[in-house]
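J.: In my numbering, the protein residues as written are -1 to 197.
Can you read through this structure? Questions will come right after.
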Amino acid sequence: MIIEQKVKNYTVFVKKDGEKYIEIFKDFLSYNHQVIKVFRNIKDTKVVLINTDYGKYILKVFSPKVKNTERFFKSLVKGDYYEKLFCQTDRVRREGFEALNDFYLLAEIKTLRYVKTYVMLIEYIEGIELVDMPEISDEVREKIKQSIYSLHQHGMVSGDPHKGNFILQGNEIRIIDLSGKRPSRQRQAKDRIDLERHY
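Written as structure tokens, this is what we have:
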């Protein structure tokens, strides 16, 4: 179950019993957070690993700077991309598929359905990114294919199943950076074609 509430000028979506995520978000607003590692720092996107009283999390801040008029009209018709992704992730994990990384909190500054700024708190997965593996075994390749097949069975798509979007955690494959787009047959087919190309 997802709870919606206001925190300052943000509309915040959080999982039920997600008080600790609200607390982490408030610490972020107060600049009271410890950055361990910067993954991305460009004009419109910041992605960092933070340390909190509750462990490590990925914090992503996205403030789109281009195509604002197009994005405004698209938001009126199609709704909120990240809100859909948040709800899809929650649904799929409740259905028992836990290969995808969890999405704990989504905060937005928005006018009508148009969002100017997104703040996301996402599960940090400790493991080995496939891009860092010198060689990928047949067993791991098969696990990747099975994870994408299961993702499709649960009504989601990867959208970009390259090596940087899979992490080997112990013996399990975890999927990161998923798409909130509708899982059409064309998008599922693209996932499968990309899998063949990358693996």
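From the three backbone atoms N, C-alpha and C, an ideal C-beta is built for every residue, glycine too.
Between the Cα of LYS41 and the Cα atoms of SER61, ASN30, LEU57 and ILE34, which residue gives the shortest distance?
T.: Mapped onto the sequence shown, residue 41 falls at position 43. Minimum Cα distance to LYS41 is reached at SER61.
J.: According to DSSP, what are the bridge partners of SER135?
T.: Here residue 135 corresponds to residue number 137 of the sequence shown, with the count starting at 1. Note: SER135 sits in no beta bridge, so no partner.
J.: Cβ atoms of ALA97 and ILE191: under 7 Å apart, would you say?
T.: By 1-based counting over the sequence shown, the position of residue 191 is 193. By 1-based counting over the sequence shown, the position of residue 97 is 99. Contact: no.
J.: Beta-carbon within less than 7 Å of LYS108's beta-carbon, same chain only, minus the 5 sequence neighbours each way: which residues are those?
T.: Along the sequence shown, read from residue 1 onward, the residue named residue 108 stands at position 110. Excluding sequence positions up to five before and after LYS108, its CB lies within less than 7 Å of the CB of THR9 and LYS114, all in the same chain and listed in chain order.
J.: Can you tell which of ILE142, ALA105 and LEU166 has its C-alpha closest to the C-alpha of PRO159?
T.: For this step, residue 159 is matched to residue 161 along the sequence shown. Measuring from the Cα of PRO159, the nearest candidate turns out to be ILE142.
J.: Counting beta carbon pairs with one atom in the segment 50 to 61 and one in the segment 20 to 39, are three or more of them shorter than 8 Å?
T.: yes
J.: Thinking just about the alpha-carbon of each residue, which of ASP88, TYR19, LEU103 and GLY153 is nearest to the one in ARG180?
T.: One-based indexing of the sequence shown puts residue 180 at position 182. The candidate whose alpha carbon is nearest that of ARG180 is GLY153.
J.: Under a Cβ-count criterion, where at least 16 other Cβ atoms within 10 Å of its own Cβ denotes burial, should ASP232 be classed as buried or exposed?
T.: Because the chain here runs from -1 to 197, residue 232 falls outside it and cannot be looked at.
J.: Around the Cβ of ILE126, are there at least 16 other Cβ atoms within 10 angstroms (buried) or fewer (exposed)?
T.: Walking along the sequence shown from the start, residue 126 turns up at place 128. Result: exposed.
J.: Which residue's Cα is closest to the Cα of ILE1: LEU57, GLU81 and VAL46?
T.: Locating residue 1 in the sequence shown gives position 3, counting from the first residue. The residue with the shortest Cα to Cα distance from ILE1 is GLU81.
J.: Under the assumption that TYR102 contacts GLU121 (Cβ atoms under 8 Å), give the Cβ distance between them as a whole number of angstroms.
T.: As a working note, residue 102 is residue 104 in the sequence shown. As a working note, residue 121 is residue 123 in the sequence shown. Indeed they touch by this definition, with Cβ atoms about 7 Å apart.
J.: Are the Cβ atoms of LEU193 and LYS161 separated by less than 7 Å?
T.: Residue numbering aside, residue 193 sits at position 195 when the sequence shown is read from its first letter. Residue numbering aside, residue 161 sits at position 163 when the sequence shown is read from its first letter. Result no, Cβ atoms of LEU193 and LYS161 do not sit closer than 7 Å.
J.: Helix, strand or coil for SER177? Go by DSSP, reduced to three states.
T.: The residue you call residue 177 lines up with position 179 of the sequence shown. Strand, per DSSP.
J.: Is DSSP giving ILE126 helix, strand or coil here?
T.: Taking the first residue of the sequence shown as 1, we reach residue 126 at position 128. ILE126 falls in the strand class under three-state DSSP.
J.: So what does DSSP say about PHE23, is it helix, strand or coil?
T.: By one-based count along the sequence shown, residue 23 stands at place 25. PHE23 falls in the helix class under three-state DSSP.
J.: Just the Cα atoms here: how many angstroms apart are VAL36 and LEU57?
T.: Taking the sequence shown and counting its residues from 1, one reaches residue 36 at position 38. Taking the sequence shown and counting its residues from 1, one reaches residue 57 at position 59. Cα-Cα distance, rounded: 10 Å.
J.: Output the boundary residues of the beta strand (DSSP E) element that contains TYR102.
T.: Translated into the one-based positions of the sequence shown, residue 102 becomes position 104. 101 to 109 is the extent of the beta strand (DSSP E) around TYR102.
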